[in-house]
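Here is the structure we will look at.
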Ligand SMILES: [Zn+2]
């Protein structure tokens, strides 16, 4: 295994609060011996479990970065047992550009695992987490939302796994996060995902989809702040009482939950996020962009439930995920 070129500028294993960077050498036109400086905070107080908290795995998703920035200035060693590693902007070049993928190599960090120590910038970030940070971690919280092209009802997520004990641990962490919705998420493309890398290592993993559209709201940020605090208490790291409110449990049994566009055009949602839908209902219509007097194409739900995700921009292309329907669990 090749050693990672990334060097932390702070100790990862010492008591106290340490703010610094993961320094990733990146030689380029404007800085011959330059580096990418990924901000990191480590708070530690003695022996105990380690939580690894990440935001902006995709650079245009903002609830995680806001909640985690706040945590870096509020979390005190005296409040915890063990260690909290906070990286508010996981794919830092993408975060700085306000884009889903890295402007340097077009890398989608959440499709780049396990990464490569001698690969692209994005692959080097993935490799460092895969081989350095994850092995010393017990519980992982990775914040997502829809970015510029999707919008979601606010939920925490866990996955169906072969290992039922590990699945139960992830399910419990999802319930501890206690978003308004809790989803057993079916991934359409899980190869190379951070989620898969963490889960394959046997760790407890919880992720989120808290909103979208390329911004965040006071409400969605409040969900993120409460969730991270709850997860740290649940993990036995942070002292205090969890704040638990009602959550709606949702399942995604199969691919019929997804509706993909097969045309391009002007997008007309017929139902909004959180609304109930019955199989066969028209979920959205697509109007031509290049002429008048032509009726829209109708897209129908393939299953009954509620709308948990939708395409966000006003125009849509063939292949875009138009809507996702989840099933309520009684
Ligand atoms: Zn994301």
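In this note's numbering, the protein residues as written are 5 to 334.
Cβ coordinates follow ideal geometry from the N, Cα and C atoms, glycine included.
8 angstroms Cβ shell around residue i - same chain, five flanking residues per side excluded
i, result
"residue 50", "19, 85, 86"
"residue 32", "38"
"residue 138", "56, 144, 201, 202, 205, 207"
Candidates the options: closest to residue i by CA position
i, options, result
"residue 65", "130, 266, 225, 169", "225"
"residue 319", "290, 332, 334", "290"
"residue 134", "295, 5, 63", "5"
"residue 231", "94, 38, 70", "70"
"residue 184", "227, 220, 27", "227"
"residue 325", "303, 254, 331", "303"
"residue 148", "63, 191, 120, 175", "63"
"residue 273", "255, 170, 81, 327", "327"
"residue 48", "242, 277, 146, 263", "242"
"residue 81", "111, 96, 46", "46"
"residue 93", "108, 146, 322, 259", "146"
"residue 219", "11, 331, 153, 106", "153"
"residue 212", "158, 259, 308", "158"
"residue 78", "301, 34, 331, 233", "233"
Opening and closing residue of the alpha helix (DSSP H) in which residue i lies
i, result
"residue 125", "125-132"
"residue 69", "67-78"
"residue 238", "222-238"
"residue 169", "168-181"
"residue 98", "96-101"
Residue i and residue j closer than 7 angstroms at C-beta
i, j, result
"residue 206", "residue 316", "no"
"residue 88", "residue 55", "yes"
"residue 181", "residue 160", "yes"
"residue 156", "residue 313", "yes"
"residue 239", "residue 29", "no"
"residue 113", "residue 194", "no"
"residue 261", "residue 329", "yes"
"residue 8", "residue 198", "no"
"residue 117", "residue 98", "no"
"residue 190", "residue 246", "no"
"residue 100", "residue 151", "no"
"residue 42", "residue 26", "yes"
"residue 214", "residue 67", "yes"
"residue 24", "residue 10", "no"
"residue 244", "residue 254", "no"
Beta strand (DSSP E) segment containing residue i, residue limits
i, result
"residue 45", "39-49"
"residue 265", "Segment: none, residue 265 is in no beta strand (DSSP E) and carries neither H nor E."
"residue 1", "The question about residue 1 has no answer here: the residues shown for the chain are numbered 5 through 334."
"residue 154", "154-156"
"residue 118", "Segment: none, residue 118 is in no beta strand (DSSP E) and carries neither H nor E."
"residue 213", "208-213"
"residue 146", "143-146"
"residue 202", "It is not in any beta strand (DSSP E) - residue 202 instead sits in the alpha helix (DSSP H) that spans 198-204."
"residue 26", "20-29"
Residues of its chain near residue i, where Cβ-Cβ distance is below 7 angstroms and the 5 sequence neighbours each way are ignored
i, result
"residue 248", "182"
"residue 298", "292"
"residue 122", "6"
"residue 173", "208"
"residue 335", "Outside the shown range of the chain (5 to 334) lies residue 335, about which nothing can therefore be said."
"residue 140", "54"
"residue 40", "28, 30, 96, 97, 125"
Same chain only: Cβ atoms within 6 angstroms of residue i, ignoring 5 sequence neighbours per side
i, result
"residue 91", "44, 58"
"residue 280", "310"
"residue 305", "281, 283, 285, 287, 329"
Touch test, the region 163-178 against the region 68-82, Cβ-Cβ under 8 angstroms, three pairs minimum: no
Segment contact, 8 angstroms Cβ cut-off, at least three pairs: the region 283-301 with the region 256-271: yes
Contact the region 120-127 vs the region 172-191: 3+ CB pairs below 8 angstroms: no
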